[in-house]
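Here the structure comes first, spelled out in structure tokens, and everything after it is commentary.
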Amino acid sequence: MNKPGCRAGRRAREKRKKKQEEGSTVTLSHEAQFVLLRRWLKGKGFTSSLIPVNFHDTGRGLMATQTIKAKGSMISLPEKCLLTTKAVLKSYMGDYIKRWQPPVSPLLALCCFLIAERHHGHASEWSPYISILPKTYTCPVYFSDDIVDLLPRSLQKRAAEQKEQFQELYCSSLMFFRSLQPLFTQPTEELFTQDALRWAWCSVNTRTVYMEHDQSDYLSRKKDIYALAPYLDLLNHCPNVQVEAGFNRQTRCYEIRSVQGCKKFQQAFINYGPHDNQRLLLEYGFVASSNPHSVVYVDLGTLKLCLDEKDKQLTQKLHYLRDNDFLRNLTFGMEGPSWRLMTALRLLSLKPEQYSSWKSVLLGAAVSQDREEWCIHSALKLCCNLTDDNVKALERLSQIKQGANPSRLEQLCVVESLRREEQRILEHTQVALQNLWGQ
Numbered sequence: 003m004n005k006p007g008c009r010a011g012r013r014a015r016e017k018r019k020k021k022q023e024e025g026s027t028v029t030l031s032h033e034a035q036f037v038l039l040r041r042w043l044k045g046k047g048f049t050s051s052l053i054p055v056n057f058h059d060t061g062r063g064l065m066a067t068q069t070i071k072a073k074g075s076m077i078s079l080p081e082k083c084l085l086t087t088k089a090v091l092k093s094y095m096g097d098y099i100k101r102w103q104p105p106v107s108p109l110l111a112l113c114c115f116l117i118a119e120r121h122h123g124h125a126s127e128w129s130p131y132i133s134i135l136p137k138t139y140t141c142p143v144y145f146s147d148d149i150v151d152l153l154p155r156s157l158q159k160r161a162a163e164q165k166e167q168f169q170e171l172y173c174s175s176l177m178f179f180r181s182l183q184p185l186f187t188q189p190t191e192e193l194f195t196q197d198a199l200r201w202a203w204c205s206v207n208t209r210t211v212y213m214e215h216d217q218s219d220y221l222s223r224k225k226d227i228y229a230l231a232p233y234l235d236l237l238n239h240c241p242n243v244q245v246e247a248g249f250n251r252q253t254r255c256y257e258i259r260s261v262q263g264c265k266k267f268q269q270a271f272i273n274y275g276p277h278d279n280q281r282l283l284l285e286y287g288f289v290a291s292s293n294p295h296s297v298v299y300v301d302l303g304t305l306k307l308c309l310d311e312k313d314k315q316l317t318q319k320l321h322y323l324r325d326n327d328f329l330r331n332l333t334f335g336m337e338g339p340s341w342r343l344m345t346a347l348r349l350l351s352l353k354p355e356q357y358s359s360w361k362s363v364l365l366g367a368a369v370s371q372d373r374e375e376w377c378i379h380s381a382l383k384l385c386c387n388l389t390d391d392n393v394k395a396l397e398r399l400s401q402i403k404q405g406a407n408p409s410r411l412e413q414l415c416v417v418e419s420l421r422r423e424e425q426r427i428l429e430h431t432q433v434a435l436q437n438l439w440g441q
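Residue 380 in my numbering sits at position 378 of the sequence shown; the count goes up by one each step and never skips.
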């Protein structure tokens, strides 16, 4: 039986908690740009019970104003709301794309159209959508070299490749940009700049939904799988939710259904897939807190730090591991070192007279007790090296953040989030390995 006042006290606590939760979100529905966007989409046949809100932890997202049941529809966006290459080819830019040889890629066609529409401002048909797109992104393609250097070594290489890939696209597209001059009074060199293309490239890469299109005779043979989805792309990613998403050919809508459902006044999430934080940062420019798919990668340079250079078979062992695809995806997770990492270490631990065991070890055969202890000790050494690297990077980040401009600060904060998440994994790994060592 409750003591007098207990029920009233609980009600008061619940009321305070609800008030705190409400205070942590700011509704954006009444802001002019969102009023205009919803009105524009309504004219195309789209309405939604989800409203734009600025959440304290995830930033801009969508909140459910009514309960979404399990397997219930979260959002259904009519085809005419989607910005695809089909819409681009039907536009004023279509004839220029159709005439150009060799054909441009679906990605470049969408990028050019976004740049042109942004230039047209309020005169643009897609202005209500383009006006709410981010002005800049936190993908590595935006990072200066000193920020790239703060990334984990395993990600630095992929970030450099992303920047090279973008640079190649820009340089190879200059002639096509010039061919669009009749569409503009301003010189195309001033419109289709490297910065403009980077913004459009990130807009497409980070915000499109996957949607296969019929191959166009006017575009390159690269897969056309992009669809920019206004309003729907305000949904944030959460690794712990499940959704069913895809284009419904019967309703001619891109639909998302929530597997678990969503409570009223809670943020509605989607799931981009089982991506670790390095991939999320590389492709989407953010990091997911407590991501169950996240791991810490061990690159070859770090791996070599724990190896015995006096081992005359070392070079041969590394070649053997590479030939059998065992120098990729060597990781630490919350449970400790991965099977692939321990298998690679077991092979590296073998003595010269154990050469005949190489194949069986890669297939999962056990090694002797002393070799297993060598592997655990080496894994601990790797973990400590990665931890030291993380600590130094976080110290450097703290220094560079002071006095950084808002755009640069945002980039640094994303890198810092990644480093902190990886530090958390390494701490768990160290405990797991020390327990193994003590057995």
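Backbone N, C-alpha and C fix where the C-beta goes; we use that ideal spot for every residue, glycine too. Just so we're clear, the structure is a prediction, and the values are computed from it rather than from any experiment.
If the criterion is Cβ atoms closer than 8 Å, does the pair SER222 and LEU91 meet it? Looking up residue 222 in the sequence shown gives position 220. Looking up residue 91 in the sequence shown gives position 89. No, they are not a contact pair.
Exposure of VAL433, with buried meaning 16 or more beta-carbon neighbours within 10 Å: What you label residue 433 is simply residue 431 of the sequence shown in a count that begins at 1. With fewer than 16 Cβ atoms within 10 Å of its Cβ, VAL433 is classed as exposed.
Classify VAL28 as helix, strand or coil using the three-state DSSP reduction. Taking the sequence shown and counting its residues from 1, one reaches residue 28 at position 26. VAL28: strand per DSSP, three-state reduction.
Integer Cβ distance of LEU185 from MET95, believed to fall under 8 Å: Locating residue 185 in the sequence shown gives position 183, counting from the first residue. Locating residue 95 in the sequence shown gives position 93, counting from the first residue. Indeed, because the Cβ distance is near 7 Å, the residues count as touching under 8 Å.
Using C-beta distances below 8 Å, list every residue in its chain close to HIS239, excluding the 5 sequence neighbours before and after it, in chain order. Numbered from its first residue, the sequence shown carries residue 239 at position 237. Excluding sequence neighbours, HIS239 sits near PHE271, ILE272, ASN273, TYR274, LEU282, TYR286, PHE288, ALA290.
For CYS204, which of helix, strand or coil comes out of DSSP? Indexing the sequence shown from 1 puts residue 204 at position 202. Residue state, collapsed to three classes: helix.
Supposed close pair LEU110, SER205 - CB separation, criterion 8 Å: Sequence index remark: in the sequence shown, residue 110 carries index 108 (1-based). Sequence index remark: in the sequence shown, residue 205 carries index 203 (1-based). Their Cβ separation, rounded to whole angstroms, is 13 Å, which puts LEU110 and SER205 out of contact at 8 Å.
Nearest CA to the CA of ARG254: which residue from SER419, LEU79, PRO241, SER129? Along the sequence shown, read from residue 1 onward, the residue named residue 254 stands at position 252. Answer by Cα proximity: LEU79.
Mind checking who GLY74 pairs with in its DSSP beta bridge? Here residue 74 refers to the residue found at position 72 of the sequence shown. DSSP, once it has assigned bridges, lists SER260 as partnering GLY74.
SER156 versus ASP301: straight-line alpha-carbon distance, rounded: For this step, residue 156 is matched to residue 154 along the sequence shown. For this step, residue 301 is matched to residue 299 along the sequence shown. Between the alpha carbons of SER156 and ASP301 lies a gap of roughly 5 Å.
So what's ILE134 in DSSP terms, helix, strand or just coil? Position 132 of the sequence shown, counted from the start, is the residue given in the question as residue 134. It is coil, neither helix nor strand.
List the endpoints of the continuous beta strand (DSSP E) containing ILE53. One-based indexing of the sequence shown puts residue 53 at position 51. Looking at the DSSP string, the run of the beta strand (DSSP E) that includes ILE53 is 52–57.
Measuring alpha carbon to alpha carbon, tell me which of TYR299, PHE115, ALA229, GLU337 ends up nearest LEU329. Here residue 329 refers to the residue found at position 327 when the sequence shown is read from its first residue. Per the C-alpha coordinates, the member of TYR299, PHE115, ALA229, GLU337 positioned closest to LEU329 is TYR299.
Report the three-state DSSP secondary structure of GLY96 (helix, strand or coil). Here residue 96 corresponds to residue number 94 of the sequence shown, with the count starting at 1. Here GLY96 sits in helix by DSSP.
Enumerate, from N- to C-terminal direction, the unbroken alpha helix (DSSP H) stretches of 4 or more residues contained entirely within the region 329–380. 341–351, 360–364
For ASP216, count neighbouring Cβ atoms within 10 angstroms of its own Cβ and tell me buried if that reaches 16, exposed if not. Your numbering for residue 216 matches position 214 in the sequence shown. That one is exposed.
Excluding sequence positions up to five away, which residues of its chain have a Cβ less than 8 Å from the Cβ of ALA72? Position 70 of the sequence shown holds residue 72. Excluding residues within five positions, the ones whose Cβ falls inside 8 Å are SER260, VAL261, GLN262, GLY263.
What did DSSP end up calling ILE149 once you bin it into helix, strand or coil? On the sequence shown, position 147 is the one that residue 149 refers to. Three-state result, ILE149: helix.
In whole angstroms, what separates the C-alpha of SER129 from that of ASP390? On the sequence shown, residue 129 is found 127 positions in, with the first residue counted as 1. On the sequence shown, residue 390 is found 388 positions in, with the first residue counted as 1. Annotation: SER129 to ASP390 spans about 48 Å, alpha carbon to alpha carbon.
Since MET177 is in the alpha helix (DSSP H), which residue starts that stretch and which ends it? As a position in the sequence shown, residue 177 is number 175, starting the count at 1. Here the alpha helix (DSSP H) through MET177 covers 155–181.
Which residues does DSSP pair with ARG62 in a beta bridge? Residue numbering aside, residue 62 sits at position 60 when the sequence shown is read from its first letter. Looking at the DSSP assignment, ARG62 forms a beta bridge with ASN56.
Would you say TYR233 and SER181 are within 8 Å of each other, going by their C-beta atoms? In the sequence shown, counting from the first residue as 1, residue 233 sits at position 231. In the sequence shown, counting from the first residue as 1, residue 181 sits at position 179. Not a contact, by the Cβ cut-off of 8 Å.
Give the range of the beta strand (DSSP E) segment to which GLY303 is assigned. Counted from its first residue, the sequence shown places residue 303 at position 301. Note, GLY303: premise wrong, no beta strand (DSSP E); alpha helix (DSSP H) at 302–307.
What do you get for HIS58, buried or exposed, if any count of 16 or more other CB atoms within 10 angstroms of its CB means buried? Numbered from its first residue, the sequence shown carries residue 58 at position 56. Label assigned to HIS58: exposed.
Closer than 6 Å by C-beta to LEU27: which residues in its own chain qualify, once you throw out the five before and the five after it? Chain order, please. One-based indexing of the sequence shown puts residue 27 at position 25. Going by the sequence as given, residue 27 is Thr instead of Leu. Result list for THR27: VAL55, PHE57, in chain order.
Do three or more CB pairs link the region 396–414 to the region 135–148 at distances below 8 Å? Judged by Cβ distances under 8 Å, the region 396–414 makes contact with the region 135–148, as three or more pairs qualify.
Helix, strand or coil: how does DSSP classify GLY248 here? Within the sequence shown, numbered from 1, the residue matching residue 248 stands at position 246. Three-state DSSP puts GLY248 in a strand.
Can you give me the start and stop residues for the alpha helix (DSSP H) that ALA111 sits inside? In the sequence shown, the residue the question calls residue 111 occupies position 109. Counting along the chain, the alpha helix (DSSP H) containing ALA111 begins and ends at 108–122.
Report buried or exposed for GLU166, applying the criterion of at least 16 other Cβ atoms within 10 angstroms of its Cβ. Residue mapping note: residue 166 aligns to position 164 of the sequence shown, counting from 1. With fewer than 16 other Cβ atoms within 10 Å, it is exposed.
Counting along the chain, where does the alpha helix (DSSP H) carrying VAL243 start and finish? Mapped onto the sequence shown, residue 243 falls at position 241. Neither: VAL243 is in no alpha helix (DSSP H) and is coded neither H nor E.
Tell me, to the nearest whole angstrom, how far the beta carbon of SER48 is from that of CYS83; I am working on the premise that it is less than 8 Å. Stepping through the sequence shown from its first residue, residue 48 is reached at position 46. Stepping through the sequence shown from its first residue, residue 83 is reached at position 81. Checking the displayed sequence, the identity of residue 48 turns out to be Phe instead of Ser. Correct: roughly 5 Å between the Cβ atoms.
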